[in-house]
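This report refers to the structure that appears directly beneath it.
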Amino acid sequence: MISLTIIFATGLVIALLTISFTVLISKHTKLLSKYQQNIKYLKSLSQCISSARWGNLQVKVQGGYSPLTNDLSKSVNSLLESVLDRDKMILEYVEKEKENNEIKEDFIAMLTHDLKVPIIAQDNTLDLLLDNKFGELNNEQKDAIKNIKISNHDLRHLVESLLDSHKFEKKGFIPKIQKGVSLRNFIDDIILQASSIANLHNKKIRLYDHLEPNYTFDTDVLLLKRVIQNLILNAISYGINSEYIDITLENNDTSCVIRVKDYGVGISKENIDKIFNKYYCAAELYSKASMGLGLYLSNKIIGTLDGRITVASEENKGSEFSIILKNDSKTIS
Numbered sequence: 027m028i029s030l031t032i033i034f035a036t037g038l039v040i041a042l043l044t045i046s047f048t049v050l051i052s053k054h055t056k057l058l059s060k061y062q063q064n065i066k067y068l069k070s071l072s073q074c075i076s077s078a079r080w081g082n083l084q085v086k087v088q089g090g091y092s093p094l095t096n097d098l099s100k101s102v103n104s105l106l107e108s109v110l111d112r113d114k115m116i117l118e119y120v121e122k123e124k125e126n127n128e129i130k131e132d133f134i135a136m137l138t139h140d141l142k143v144p145i146i147a148q149d150n151t152l153d154l155l156l157d158n159k160f161g162e163l164n165n166e167q168k169d170a171i172k173n174i175k176i177s178n179h180d181l182r183h184l185v186e187s188l189l190d191s192h193k194f195e196k197k198g199f200i201p202k203i204q205k206g207v208s209l210r211n212f213i214d215d216i217i218l219q220a221s222s223i224a225n226l227h228n229k230k231i232r233l234y235d236h237l238e239p240n241y242t243f244d245t246d247v248l249l250l251k252r253v254i255q256n257l258i259l260n261a262i263s264y265g266i267n268s269e270y271i272d273i274t275l276e277n278n279d280t281s282c283v284i285r286v287k288d289y290g291v292g293i294s295k296e297n298i299d300k301i302f303n304k305y306y307c308a309a310e311l312y313s314k315a316s317m318g319l320g321l322y323l324s325n326k327i328i329g330t331l332d333g334r335i336t337v338a339s340e341e342n343k344g345s346e347f348s349i350i351l352k353n354d355s356k357t358i359s
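Quick note on numbering: the working numbering labels position 12 of the sequence shown as 38, and the sequence is numbered without any gaps.
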């Protein structure tokens, strides 16, 4: 009897253990399945976030295995869709603005090109008047025409700056290097052309030549001429404290330096770092007509010529701009 009882109890324990083990196995299987589902979901979420981080908003969170993960998936995917929609809107806006800006730039280029022709014609007529080709003028009349010529020259300079700016923004400056240019002769020609406008402002251009004898260099003469003319015009406009504008030429074994110095209003310390910025202009402080393109273009041109342009200035004492150009060519013997 006792043996039967022991056997029955043992069988009952085994049965209970078997049922418990079966339940544990079942729960473990379910937990493992949920764990694997969660791991898969977290990988999908991580992949989505990683793709979005690198700019790919097309990857979405896949699935969800509970109300919480379903809601999270919907929120994340909805956010991505919202960002995509805004991205499309921004791209459409940028493209439209780009198209509008190109239309504006083309219109400005066409307008300034058409304006240049009558300005030149007017300048030629003023020269004829000053040469008494239409009869003798008294001193007051000549002074009035000289003032008109100065304004006309400023207007032409503005138009040319606009045209140059448009050309640079479209395709940059492509230098055409000329070998063996005599720096002294090159500067002499520029001074000769600039002297007429300097005389109208009662200015004199002085040249200090510290070059080796018969020094030559390689450059794009048209581009460099544009820069030096602009620096001389600025010196004429702002050199109110002296009748002189000084140009200094120097060279060493690897470079040449062209300095243009005025004795005028100068540039303040807070503005000196801004003068080569596009459209920045201190001219309005001195009632001068300018669009702030001259020095911006000058800096770009000198960079194209593999050089650099620097400035040293002090308020009410003047400014000195230095053009430093690399030069490996030999001097003429």
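For every residue, glycine included, the Cβ atom is placed at its ideal position computed from N, Cα and C. Predicted model, so just to flag it, every value in this text is computed and none were measured.
Under three-state DSSP, which class holds D113?
Here D113 sits in helix by DSSP.
Supposed close pair G344, G265 - CB separation, criterion 8 Å
Confirmed, Cβ separation roughly 7 Å.
Assuming V360 contacts V102 under a Cβ cut-off of 8 Å, what Cβ separation, rounded to an integer in Å, is found between them?
Nothing about residue 360 can be read from this structure; the chain reaches only from 27 to 359.
Under DSSP, the alpha helix (DSSP H) around T330 begins and ends at which residues?
Start and end: G320 to T330.
Please list the terminal residues of the continuous beta strand (DSSP E) segment that includes L233.
Note, L233: beta strand (DSSP E), K230 to D235.
Using the rule of at least 16 other Cβ atoms within 10 Å of the residue's Cβ for burial, across every protein chain shown, is R285 buried or exposed?
For R285, the number of other beta carbons within 10 angstroms of its own is at least 16, and it is reported as buried.
How many whole angstroms separate the CB atoms of Y270 and R210, which I take to be in contact at a CB cut-off of 8 Å?
Rounded, the Cβ-Cβ distance is 20 Å, inconsistent with contact.
Using the Cβ count rule (16 or more neighbours within 10 Å means buried), how would you classify G329?
By the Cβ-count criterion, G329 is exposed, with fewer than 16 other Cβ atoms from all chains shown falling within 10 Å of its own Cβ.
Sequence-distant residues of its chain with Cβ nearer than 6 Å to L110 (five each side left out):
Cβ neighbours of L110 beyond the five flanking positions: L83.
When you compare each of G206, T95 and W80 to Q63 by their alpha carbons, which one comes out closest?
Nearest to Q63 by alpha-carbon distance, out of G206, T95 and W80, is T95.
As assigned by DSSP and simplified to three states, the class of L83:
DSSP, read as helix, strand or coil, puts L83 in coil.
Three-state class that DSSP yields for Q204 in the structure shown:
The answer is strand: DSSP assigns Q204 an E or B state.
Just mark G290 as buried or exposed, buried being the case when its beta carbon has 16 or more other beta carbons within 10 Å.
Classification for G290: buried.
Report, in whole angstroms, the separation of the C-beta atoms of I217 and I273, which I expect to be a contact under 8 Å.
Between I217 and I273, the beta carbon gap of about 7 Å places them in contact (Cβ cut-off 8 Å).
Could you tell me which residues DSSP puts in a beta bridge with N352?
Reading off the sequence, residue 352 comes out as Lys, not Asn. K352 is bridged to S281.
Pull up the distance between the alpha-carbon of L156 and that of L250, whole angstroms please.
Rounded to whole angstroms, L156 and L250 show a C-alpha spacing of 31 Å.
Per DSSP, cross-strand counterpart(s) of L98:
Answer is none; L98 lacks a bridge partner.
Around the Cβ of A224, are there at least 16 other Cβ atoms within 10 angstroms (buried) or fewer (exposed)?
Answer is buried; the Cβ neighbour count reaches 16.
If I350 and V283 are in contact, beta carbons under 8 Å, what's the gap, nearest whole angstrom?
Indeed they touch by this definition, with Cβ atoms about 5 Å apart.
Inter-residue spacing [alpha-carbon to alpha-carbon] between E310 and I262:
Model confidence at E310 stands at a pLDDT of 45, short of 50, so the residue's coordinates are unreliable; what they give is reported in the following sentence. Rounded to whole angstroms, E310 to I262 spans 16 Å at the Cα level.
In DSSP terms, what V286 is bridged to:
The beta-bridge partner set that DSSP reports for V286 consists of I273 and F347.
Would L259 and Y234 be called neighbours here (beta carbons separated by less than 9 Å)?
Taking the C-beta atoms as reference points, Y234 is found no nearer than 9 Å to L259.
Can you grab the Cα-Cα spacing for the pair S52 / S46, in whole Å?
Here the C-alpha atom of S52 lies approximately 10 Å from the C-alpha atom of S46.
Per DSSP, the bridge partner or partners of E340
BP columns for E340 point to G344.
When the Cα atoms are used, what is the spatial distance from V120 to R112?
Annotation: V120 to R112 spans about 12 Å, alpha carbon to alpha carbon.
Assuming L331 and T242 form a contact by the criterion Cβ under 8 Å, report the distance between their Cβ atoms to the nearest whole angstrom.
L331 to T242, Cβ: 15 Å. No contact.
Starting from F199, follow the beta strand (DSSP E) in both directions and report where the run begins and ends.
Bounds of any beta strand (DSSP E) do not take in F199, whose DSSP letter is neither H nor E.
Report the option in N228, I32 and E340 whose CA atom is closest to the CA atom of K295.
Considering only alpha carbons, the answer is E340.
Taking only the alpha-carbon atoms, compute the straight-line gap between G81 and C74 and give it to the nearest angstrom.
Their backbone Cα atoms lie some 11 Å apart in a straight line.
Which residues in the same chain as I174 place their Cβ atom closer than 7 Å to its Cβ, once the five residues preceding and following it in sequence are excluded?
Here the set comprises L152.
Would you mind reading off the limits of the alpha helix (DSSP H) that contains F212?
From DSSP, the alpha helix (DSSP H) with F212 extends over L209 to L226.
Alpha carbon to alpha carbon, how far is N228 from V337?
Distance from the CA atom of N228 to the CA atom of V337, rounded to whole angstroms, is 25 Å.
With burial defined as no fewer than 16 other Cβ atoms inside 10 Å of the residue's Cβ, what is the status of I213: buried or exposed?
Taking all protein chains in view, the Cβ of I213 is crowded by 16 or more other Cβ atoms within 10 Å, so the residue is classified as buried.
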